[in-house]
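Line by line, the protein sequences are chains A and B. Taking the numbering used here, the leading residue of the first sequence gets 920, the next gets one more, and so forth. Taking the numbering used here, the leading residue of the second sequence gets -18, the next gets one more, and so forth. We treat Cβ as the ideally placed atom computed from N, Cα and C, and that holds for glycine.
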Amino acid sequence: MTDLDARLLAAHDSGDIRALVALYREAAEAANTETARAFFLTHAHVFALEINHPDTAALRAGLIAMGRETAL
Amino acid sequence: MHQTDLSAVRQTISAARGLPNAHYTDPQVYDEERAALLMSGWSGLAVVADVAEPGDAVPLTFLDMPLLLIRDRAGQVRVFHNICRHRGMILVDAPRKIEGAIRCPYHSWCYSTEGRLVSTPHVGGPGQNVHEAIDKDLLGLIEVRSHVWNGVIFVNLSGTAEPFEVTHRELLDRWAEFDVPMYHGGADSRIRLDLKSNWKLIIENYCESYHLPWVHPGLNSYSRLEDHYHIENPGKFSGQGTYVYRQITDEDGSVFPDFPGLSEKWDAAGEYLTFLPNVMVGVQRDHMFAIILDPVSVDRTIETAHLFYATPQTSDTLRAKNTDQWNAVFVEDIMAVEGMQRGRQSPGFDGGRFSPAMDGPTHLFHDWVAEQMALHRAADKAAE
């Protein structure tokens, strides 16, 4: 298990949604395929939506640019 | 299904009998009443004080249905079916603050507090969050018609009732003077009772003054039977009033502030009526209470009373005293409603006879039940 995996699991266990936004974003940046990147960005966006994170719109815009999401 | 015979209920009060036992004991009749009486009209569900701030969300079960009470981001109180449009998962399982979107805990479909579906993660495969078969605009949360009156939230679950103001026009006209800002007294102004009684018995007990000198002997000192009057509006509402409402006083003689603009009638009057089917309301010059009945099953009802005042801030001690006073009255009634419920297991009980002088409001309630059941049965038959 990578350090990032461990931190993600810990954030899930503690329900730290703000941390999940950051960690899934980090996972997206480290991903080596577009599908993997979109997968992790999707998680970052969903958790951002849940807490009205200030980066929610930017995350959504990224997914829209990838053809993976629609505008609100 | 066997249908109860309600012809005796619809006779004039001198000849009528009350509702048959099955209306208090038979789960099948409870189910029929659920559709005919509780879902077809405007039922009380909660109070706006339950969701004081934007994002406050409270899951509720009403008539076995999972509902979600929420104050949206713009401040509007809404009621939704508490289910995800994807797999029917319960969305919110405990009261909490929704900071952003409502995220389904199963596959993370997300909804705005206004009910709009805003995200469907991986719906088109990993990392693909759109699919041509999934139109988000058609898959928002299912909203229940709701209406707020004086801080009480009513819902029409069938979606077919006339607007609230039309359904209750006569009652709203009667109490037009109480169409003023109402402020919930807060946590110390709620009374919750879990009663082994069918919900209708609680209304029946509430709408008549006949029992007062026997069940509430403490009232005899200042509020005698002859100080009360019947309120009878066939097919709409019935209840009782008093000519001798006396304001509660604190140790220093202070009282609650009055509601603004009341006419002289209310100097010493109090009136006690039911927004049918399930919200019993009392109005007096200085406070209102609303008692919401949650008919959990045919023989169990949760009764929650809420006290409202004319100003946001009131004396803590006076408010506590008022809550205690009403709590004592409501608790005294438990013996009556639970005793009548047990009595309805007797095959010898034929619905009972009414006092033509004293039971008019009770008879009118039974007559309303019978009329609504007849309308429901006729509609069912026409649909066959």
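Taking Cβ to Cβ, would you say residue i is nearer than 7 Å to residue j?
{"i": "G25 (chain B)", "j": "V133 (chain B)", "result": "yes"}
{"i": "P276 (chain B)", "j": "W349 (chain B)", "result": "no"}
{"i": "I109 (chain B)", "j": "R956 (chain A)", "result": "Note on residue identity: the sequence assigns Gln, not Ile, to residue 109 (chain B). No. Outside cutoff."}
{"i": "N2 (chain B)", "j": "F330 (chain B)", "result": "yes"}
{"i": "R54 (chain B)", "j": "T94 (chain B)", "result": "yes"}
{"i": "V73 (chain B)", "j": "P40 (chain B)", "result": "yes"}
{"i": "C65 (chain B)", "j": "C85 (chain B)", "result": "yes"}
{"i": "N63 (chain B)", "j": "P47 (chain B)", "result": "yes"}
{"i": "L288 (chain B)", "j": "G166 (chain B)", "result": "yes"}
{"i": "Y226 (chain B)", "j": "Q265 (chain B)", "result": "yes"}
{"i": "V279 (chain B)", "j": "I183 (chain B)", "result": "no"}
{"i": "T921 (chain A)", "j": "P102 (chain B)", "result": "no"}
{"i": "Q353 (chain B)", "j": "L18 (chain B)", "result": "yes"}
{"i": "L345 (chain B)", "j": "S219 (chain B)", "result": "yes"}
{"i": "G121 (chain B)", "j": "L968 (chain A)", "result": "no"}
{"i": "M339 (chain B)", "j": "Y191 (chain B)", "result": "yes"}
Any beta carbon from chain A within less than 7 Å of residue i's own beta carbon?
{"i": "C91 (chain B)", "result": "yes"}
{"i": "Q109 (chain B)", "result": "yes"}
{"i": "D84 (chain B)", "result": "The residue you asked about is not Asp; residue 84 (chain B) is Arg in the sequence shown. At least one chain A Cβ lies under 7 Å of R84 (chain B)."}
{"i": "G81 (chain B)", "result": "yes"}
{"i": "S100 (chain B)", "result": "yes"}
Name the DSSP bridge partner or partners of residue i?
{"i": "A286 (chain B)", "result": "B:I172 and B:I272"}
{"i": "H128 (chain B)", "result": "B:F135"}
{"i": "S278 (chain B)", "result": "B:R281"}
{"i": "P86 (chain B)", "result": "In the DSSP output, where bridge partners are listed per residue, P86 (chain B) has none listed."}
{"i": "G251 (chain B)", "result": "B:T223"}
{"i": "T42 (chain B)", "result": "B:P47"}
{"i": "C91 (chain B)", "result": "B:R84 and B:S100"}
{"i": "A27 (chain B)", "result": "B:I134"}
{"i": "M261 (chain B)", "result": "B:T255 and B:I272"}
{"i": "E213 (chain B)", "result": "B:S219"}
{"i": "K78 (chain B)", "result": "B:D37"}
{"i": "R937 (chain A)", "result": "Beta-bridge pairing links R937 (chain A) to no other residue."}
{"i": "I64 (chain B)", "result": "B:I71"}
{"i": "R(-2) (chain B)", "result": "B:R334"}
Around the C-beta of residue i, are 16 or more other C-beta atoms found within 10 angstroms, so that it is buried, or is it exposed?
{"i": "H211 (chain B)", "result": "buried"}
{"i": "V136 (chain B)", "result": "buried"}
{"i": "K117 (chain B)", "result": "buried"}
{"i": "V312 (chain B)", "result": "exposed"}
{"i": "P144 (chain B)", "result": "exposed"}
{"i": "I123 (chain B)", "result": "exposed"}
{"i": "W195 (chain B)", "result": "exposed"}
{"i": "H112 (chain B)", "result": "exposed"}
{"i": "L356 (chain B)", "result": "exposed"}
{"i": "P328 (chain B)", "result": "exposed"}
{"i": "T141 (chain B)", "result": "exposed"}
{"i": "N951 (chain A)", "result": "exposed"}
{"i": "D(-14) (chain B)", "result": "exposed"}
Is there a Cβ from chain B that is less than 7 Å from the Cβ of residue i?
{"i": "V965 (chain A)", "result": "yes"}
{"i": "L942 (chain A)", "result": "no"}
{"i": "E948 (chain A)", "result": "no"}
{"i": "A957 (chain A)", "result": "yes"}
{"i": "N971 (chain A)", "result": "yes"}
{"i": "T961 (chain A)", "result": "yes"}
{"i": "R937 (chain A)", "result": "no"}
{"i": "T989 (chain A)", "result": "yes"}
{"i": "T952 (chain A)", "result": "no"}
{"i": "L978 (chain A)", "result": "no"}
{"i": "L927 (chain A)", "result": "no"}
{"i": "R968 (chain A)", "result": "Strictly speaking, residue 968 (chain A) in this sequence is Leu, with Arg absent from that position. Interface residue, yes."}
Whole angstroms are fine: how far does the CA of residue j sit from the CA of residue i?
{"i": "E146 (chain B)", "j": "H931 (chain A)", "result": "48 Å"}
{"i": "I172 (chain B)", "j": "D297 (chain B)", "result": "16 Å"}
{"i": "P342 (chain B)", "j": "I283 (chain B)", "result": "23 Å"}
{"i": "D208 (chain B)", "j": "C188 (chain B)", "result": "15 Å"}
{"i": "V310 (chain B)", "j": "H197 (chain B)", "result": "7 Å"}
{"i": "Y87 (chain B)", "j": "A946 (chain A)", "result": "22 Å"}
{"i": "D361 (chain B)", "j": "A168 (chain B)", "result": "43 Å"}
{"i": "E185 (chain B)", "j": "R937 (chain A)", "result": "53 Å"}
{"i": "L982 (chain A)", "j": "D974 (chain A)", "result": "13 Å"}
{"i": "H128 (chain B)", "j": "I273 (chain B)", "result": "15 Å"}
{"i": "D233 (chain B)", "j": "A157 (chain B)", "result": "32 Å"}
{"i": "S89 (chain B)", "j": "F61 (chain B)", "result": "18 Å"}
{"i": "T376 (chain B)", "j": "A359 (chain B)", "result": "With chain B covering -18 to 365 only, the question about residue 376 (chain B) has no answer from this structure."}
{"i": "E365 (chain B)", "j": "Q(-16) (chain B)", "result": "16 Å"}
{"i": "S21 (chain B)", "j": "V260 (chain B)", "result": "15 Å"}
{"i": "A251 (chain B)", "j": "V940 (chain A)", "result": "Looking at the sequence shown, residue 251 (chain B) is not Ala but Gly. About 57 Å."}
{"i": "M316 (chain B)", "j": "L193 (chain B)", "result": "13 Å"}
Given 6 Å as the limit, tell me if residue i has its C-beta closer than that to any heavy atom belonging to the ligand GDP.
{"i": "R325 (chain B)", "result": "Ligands displayed in this structure: none; no statement on the ligand GDP is therefore possible."}
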